[in-house]
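Q: I am attaching a structure below and will ask some questions about it afterwards.
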Amino acid sequence: MSATPPPIPQPEEGILKEDMGALKQDARDSRLSLRKTQEEMLRRKLHQEAFQHCRDEVVAFGECVKQEGFFVIFNCRKQNAVCKYV
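If you count the sequence shown from 1, you need to add 6 to reach this note's numbering.
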């Protein structure tokens, strides 16, 4: 079931044109915005796609982390940077 957006009031003498624009924008935003569950599903899907896209880079970074231990901050910058821009 989809919720219907709130009705847009018709212009009256006391309502300015700018106020009507704001009301229309609010109604439009409510129709176009995603619900929390939809946002969470989209985040999960994008995360999975990103991981699949740069899986090799993520594995290389994980191996570097295992090898370097405490010095991961300094010695694994290259692998981490590759993951960010792939």
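Backbone N, C-alpha and C fix where the C-beta goes; we use that ideal spot for every residue, glycine too.
(1) Does DSSP classify R41 as helix, strand or coil?
(2) Can you check whether the CB of F57 is closer than 8 angstroms to the CB of V64?
(3) Using a Cβ-Cβ cutoff of less than 8 angstroms, which residues in the same chain neighbour N86 once the five nearest sequence positions on both sides are dropped?
(4) By Cβ distance below 8 angstroms, which residues in the same chain neighbour C82 in space, the five residues on each side in sequence not counted?
(5) Ignore the nearest five residues each way along the sequence and tell me which others in V78's own chain have a CB closer than 8 angstroms to its CB.
(6) Is C70 helix, strand or coil when you go by DSSP?
(7) Where does C89 fall in DSSP's three states?
(8) Taking just the CA atoms, how far does L52 sit from E46?
A: Checking against the coordinates, here is how it stands:
(1) coil
(2) Yes. Within cutoff.
(3) F67
(4) Counting only Cβ-Cβ distances below 8 angstroms, and skipping sequence neighbours, we find F67, C70, V71, E74.
(5) Leaving aside the five residues that flank V78 on each side, the residues in its chain whose CB is nearer than 8 angstroms to its CB run, in chain order, C70, V71.
(6) helix
(7) helix
(8) 10 angstroms
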